[in-house]
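Novice: Residue 215 in the numbering used here sits at position 142 of the sequence shown, and the numbers go up by one each step.
Quick reminder that beta carbons are idealized off the backbone N, C-alpha and C, glycines included.
What you are looking at is a predicted structure, and each value in this text was computed from that prediction instead of being measured.
Take this structure, written in structure tokens, and hold onto it; I'll ask about it next.
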Amino acid sequence: MFNFAIDKSVVEDIKQNTDTILMIRPVKFRMNEQTAVNNYYQTEADELNSNQIQQKAQQEFDNFVKKLRAHKVNVLVIEDQLEPSTPDSIFPNNWVSFHQEGSIGLYPMFAENRRLERRIDILERLKEDFEVNEIIDFSEAEFEGRFLEGTGSMILDRPNKLVYAALSIRTQESVLNEFCEKFDYEPVKFIAYQTVGEERLPIYHTNVMMCVADQYAIICADSINDPEERKCVIDKLEGTDKEIILITEEQNEQFAGNMLQVLSCEGEPYLVMSGSAYRSLTDEQIKTIEKYNPIINSPLDTIETLGGGSARCMMAEVFLPKK
């Protein structure tokens, strides 16, 4: 769909985190019925009408951006469009990823109305300030019913070239392998589960149950039923000198796995999460995290309830070289 000249430039100092974040400001946020079929974190908010939902979501978004900028994180805010209707556009990390060598990845989306979120004008806007050497478009896999939803599906350990992926209908092995071949990553595959009623069903996105920072990782290991798969994931994390911070499935349901480490423009690291995720943490977990970096948390209750995503989903990391 998008074609640019390929430049295989070598990156000697690959970073795990960035000081620049792309975020999409919502204009018509609502619960997306097309994603609710396998995102079990989504629930209705019957007490609110559409205008109240939009107002609350926009206020949560604006307050979140304000907090990030107060900590000197560079936030590039793009206003969403009224048409076509894209209720989940607030979660851009699912359709696009930006890489330090100047590459952009575009991804195949499960929900048809989420495919409309891919916008060439956003990429053109980024090209004004950043070097773009290559756009790698995996989205044609949609025509074959194959999906891989960006850094929702994949947790990238960029310096160690590892990608952690909880396989599901939205995170399919064949497209994951294509990503790994193109970007030279080693896949760490497993299946993570969430209890829904009396069933254990696959978690739709890896980034709701784990976060990999520069020196530590937060993971809901209990969601990985298979003991061999669980051991493989833990061994990989420990083998890359990460301190492992375990969270429970109950904390996971409060989006305690949906976190992202970012940098300020001065190089100060922060771990970003929602207010509900922060409240779910124990004092000991907070103490361990704060050995490495301060925490930024912001209330995202409306976005979490109807969207089934949280702070990490709202931030697309921009690693592209600056002009």
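Starting from residue 255, follow the alpha helix (DSSP H) in both directions and report where the run begins and ends.
Specialist: On the sequence shown, position 182 is the one that residue 255 refers to. Residue 255 -> alpha helix (DSSP H) spans 246-256.
Novice: Give the DSSP-derived three-state secondary structure of residue 98 in the structure shown.
Specialist: For the purposes of this step, residue 98 is taken as residue 25 along the sequence shown, with counting starting at 1. Strand, per DSSP.
Novice: Indicate whether the contact test is met: 3 or more Cβ pairs, each with one atom in the stretch 284-291 and one in the stretch 244-262, closer than 8 Å.
Specialist: no
Novice: Name the two residues that bound the continuous beta strand (DSSP E) containing residue 273.
Specialist: Against the sequence shown, residue 273 aligns to sequence position 200. Here the beta strand (DSSP E) through residue 273 covers 272-275.
Novice: State the beta-bridge partners of residue 146 as determined by DSSP.
Specialist: Looking up residue 146 in the sequence shown gives position 73. Paired residues: none, contrary to the question.
Novice: Are the CB atoms of residue 208 and residue 178 within a distance shorter than 9 Å?
Specialist: Taking the sequence shown and counting its residues from 1, the one referred to as residue 178 is at position 105. Taking the sequence shown and counting its residues from 1, the one referred to as residue 208 is at position 135. Taking a C-beta distance under 9 Å as the contact criterion, residue 178 and residue 208 qualify as a contact pair.
Novice: In its own chain, which residues sit with a C-beta less than 6 Å from the C-beta of residue 212, not counting the 5 before and 5 after it?
Specialist: Working through the sequence shown from its first residue, we reach residue 212 at position 139. Closer than 6 Å at Cβ, skipping near neighbours: 179 and 181.
Novice: Residues in its own chain within less than 6 Å of residue 406 by CB, not counting five upstream and five downstream?
Specialist: The structure shown does not extend to residue 406, since the chain spans only 74 to 396, so no value can be given for it.
Novice: Shortest alpha-carbon distance to residue 227 belongs to which of 219, 236 and 220?
Specialist: Sequence index remark: in the sequence shown, residue 227 carries index 154 (1-based). Of the candidates 219, 236 and 220, the one whose C-alpha sits nearest the C-alpha of residue 227 is 236.
Novice: What span of residues does the alpha helix (DSSP H) with residue 325 cover, start to end?
Specialist: For this step, residue 325 is matched to residue 252 along the sequence shown. From DSSP, the alpha helix (DSSP H) with residue 325 extends over 322-325.
Novice: With distances taken between CB atoms, is the gap from residue 127 to residue 88 smaller than 9 Å?
Specialist: As a first step, residue 127 must be located in the sequence shown, where it is residue number 54. As a first step, residue 88 must be located in the sequence shown, where it is residue number 15. Cβ atoms of residue 127 and residue 88: not closer than 9 Å.
Novice: Pull up the distance between the alpha-carbon of residue 256 and that of residue 309, whole angstroms please.
Specialist: Counting from 1 along the sequence shown, the entry for residue 256 is found at position 183. Counting from 1 along the sequence shown, the entry for residue 309 is found at position 236. In this structure, the alpha-carbon of residue 256 lies about 19 Å from that of residue 309.
Novice: Do you know offhand how far residue 134's Cα is from residue 99's?
Specialist: Position 61 of the sequence shown, counting from 1, holds the residue named residue 134. Position 26 of the sequence shown, counting from 1, holds the residue named residue 99. When rounded, the separation of the alpha-carbon atoms in residue 134 and residue 99 is 8 Å.
Novice: Return the residue from the list 259, 328, 253 and 384 that minimises the CA-CA distance to residue 276.
Specialist: In the sequence shown, the residue the question calls residue 276 occupies position 203. Closest by alpha carbon: 328.
Novice: Can you look up residue 157 in the DSSP assignment and give me helix, strand or coil?
Specialist: Along the sequence shown, read from residue 1 onward, the residue named residue 157 stands at position 84. Coil, per DSSP.
Novice: Short of 6 Å in beta carbon distance, which residues of its chain neighbour residue 325, apart from the five on each side in sequence? Order them along the chain.
Specialist: Within the sequence shown, the letter at position 252 stands for residue 325. The answer, listed in chain order, is 282 and 293.
Novice: Would residue 163 pass as a contact of residue 381 if the rule is Cβ separation under 9 Å?
Specialist: Here residue 163 refers to the residue found at position 90 when the sequence shown is read from its first residue. Here residue 381 refers to the residue found at position 308 when the sequence shown is read from its first residue. For residue 163 and residue 381, no; Cβs fall outside 9 Å.
Novice: Just verifying my parser: in three-state terms, what is the DSSP assignment at residue 109?
Specialist: Here residue 109 corresponds to residue number 36 of the sequence shown, with the count starting at 1. Because the pLDDT of residue 109 is 43, which lies under 50, any placement of that residue in the model is unreliable, and the question is left without a value.
Novice: CB-CB under 6 Å to residue 187, same chain, minus the five flanking residues each way: which ones, in chain order?
Specialist: Residue 187 sits at position 114 when you count from the first residue of the sequence shown. Closer than 6 Å at Cβ, skipping near neighbours: 161.
Novice: Let me confirm a value: residue 299 is counted as buried when at least 16 other C-beta atoms fall within 10 Å, else exposed. Which label applies?
Specialist: Counting from 1 along the sequence shown, the entry for residue 299 is found at position 226. Flag for residue 299 reads exposed.
Novice: Quick one: what does DSSP say residue 342 is sitting in, helix, strand or coil?
Specialist: Within the sequence shown, numbered from 1, the residue matching residue 342 stands at position 269. Residue 342 falls in the strand class under three-state DSSP.
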